[in-house]
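Student:
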Amino acid sequence: MKVHAIWSYKIAKSNQIFEMTSAEMTLQEALILAADLEKTGRVKTLEWYDQAGTYWTTKQLVKLNKETETEPQNIVAYFDGGYDVNSKSSGLGVVIYYEQNKKKWRLKANQQNELLVDNNEAEYAALYFLLERLEQLGVHFQSVQINSDSLVVINQLTDEWPCYEEHYLPWYERIKKKEAALGLTIHFTQIKREQNKEADQLATQALQDISIESHIENPRRD
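Structure (structure tokens):
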């Protein structure tokens, strides 16, 4: 999770008070800034706001930092969905890179689904599958970078495009609800297909009835 600060600062030997606003920073950086500002003795008020606009006190940030310091951090994830017109089957693939307890990890997983009707719905299902895996890892109240080559899913979820398709709307709503329940701030980036080859391969393997579940330390980026 990233936050920014708004504080009232009283100039030394003056009655003038100025309102200051910071750039966004990590939770750890926020606590360092809070300690430095407190040392001046001239800060009258200090408020924190996360990327969703939620207000936090410094005390609440300290508590949150203690709760999340052993959770996965610096998360970069990928998803891809594939659909086979002949078999009416879908393959979902997800890859999650993260750091935890000063170690780097990579999770790979895939899943087959027989209930979807087209490739874009498979992409939606793959993203929801990804959020479920983040939940299983214990990720909450964090910023998460999610990359995909799905133009439709990313543009609809960022509200750049309207979502009119009736069979996409339930996925749209489920994803938004899961994002809110986990307290995530998701940053979507559209990437080229060749940059999404790990997730694409997993989705293809799922269509071939090849189940993958891999969780390794110190991974090499493919």
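When we follow the UniProt record's numbering, the leftmost residue of the sequence shown carries the number 1, and every step to the right adds one. Every residue, glycine too, gets a C-beta built ideally from N, C-alpha and C. Just so you know, these numbers come straight off a predicted model, no measurement behind them.
Which partner residues does Glu213 have in the DSSP bridge list?
Tutor: Taking the sequence shown and counting its residues from 1, one reaches residue 213 at position 213. Glu213 pairs with Ala109.
Student: What is the C-beta distance between Glu217 and Lys103, in whole angstroms, given that I count them as a contact (C-beta under 8 Å)?
Tutor: Taking the sequence shown and counting its residues from 1, the one referred to as residue 217 is at position 217. Taking the sequence shown and counting its residues from 1, the one referred to as residue 103 is at position 103. That belief holds up - the Cβ atoms of Glu217 and Lys103 are roughly 6 Å apart, short of 8 Å.
Student: How is Val95 classed by DSSP in three states: helix, strand or coil?
Tutor: The count along the sequence shown starts at 1 and reaches residue 95 at position 95. Here Val95 sits in strand by DSSP.
Student: For Asp84, I'd like the list of residues in its chain whose CB is within less than 6 Å of its CB, leaving aside the five on either flank, ordered along the chain.
Tutor: The sequence position of residue 84 within the sequence shown is 84, counting from 1. Correct list, in chain order: Leu207.
Student: For Met25 and Val3, which I take to be in contact (beta-carbon distance under 8 Å), what is that distance rounded to the nearest angstrom?
Tutor: Walking along the sequence shown from the start, residue 25 turns up at place 25. Walking along the sequence shown from the start, residue 3 turns up at place 3. Contact holds; Cβ gap of about 7 Å.
Student: Taking only runs that begin and end inside the segment 43 to 100, name each unbroken alpha helix (DSSP H) of 4 or more residues, in chain order.
Tutor: For the segment 43 to 100, whole alpha helix (DSSP H) runs of length 4 or above, ordered along the chain, are 58 to 68.
Student: Which residue comes first and which comes last in the beta strand (DSSP E) that contains Lys192?
Tutor: As a working note, residue 192 is residue 192 in the sequence shown. Element bounds for Lys192: n/a, residue is neither H nor E.
Student: For Tyr172, name the three-state secondary structure that DSSP assigns.
Tutor: For the purposes of this step, residue 172 is taken as the residue at position 172 of the sequence shown. In the structure shown, Tyr172 sits in a helix (DSSP, three-state: H, G or I).
Student: Quick one: measure Cβ to Cβ for Ala125 and Gly82, integer angstroms, because I've assumed they're closer than 8 Å.
Tutor: Translated into positions along the sequence shown, residue 125 becomes position 125. Translated into positions along the sequence shown, residue 82 becomes position 82. That belief does not hold up - the Cβ atoms of Ala125 and Gly82 are roughly 11 Å apart, past 8 Å.
Student: Measuring CA to CA, which of Gln16, Lys13 and Asp209 is closest to Asn113?
Tutor: Looking up residue 113 in the sequence shown gives position 113. Out of Gln16, Lys13 and Asp209, Asp209 has the C-alpha closest to the C-alpha of Asn113.
Student: Rounded to the nearest angstrom, what separates Leu31 and Thr54 at their Cα positions?
Tutor: As a position in the sequence shown, residue 31 is number 31, starting the count at 1. As a position in the sequence shown, residue 54 is number 54, starting the count at 1. Whole-angstrom Cα-Cα distance: 17 Å.
Student: Roughly how many angstroms separate the alpha carbons of Asn120 and Glu173, rounded to a whole number?
Tutor: Mapped onto the sequence shown, residue 120 falls at position 120. Mapped onto the sequence shown, residue 173 falls at position 173. Distance between the alpha carbons of Asn120 and Glu173 is about 15 Å.
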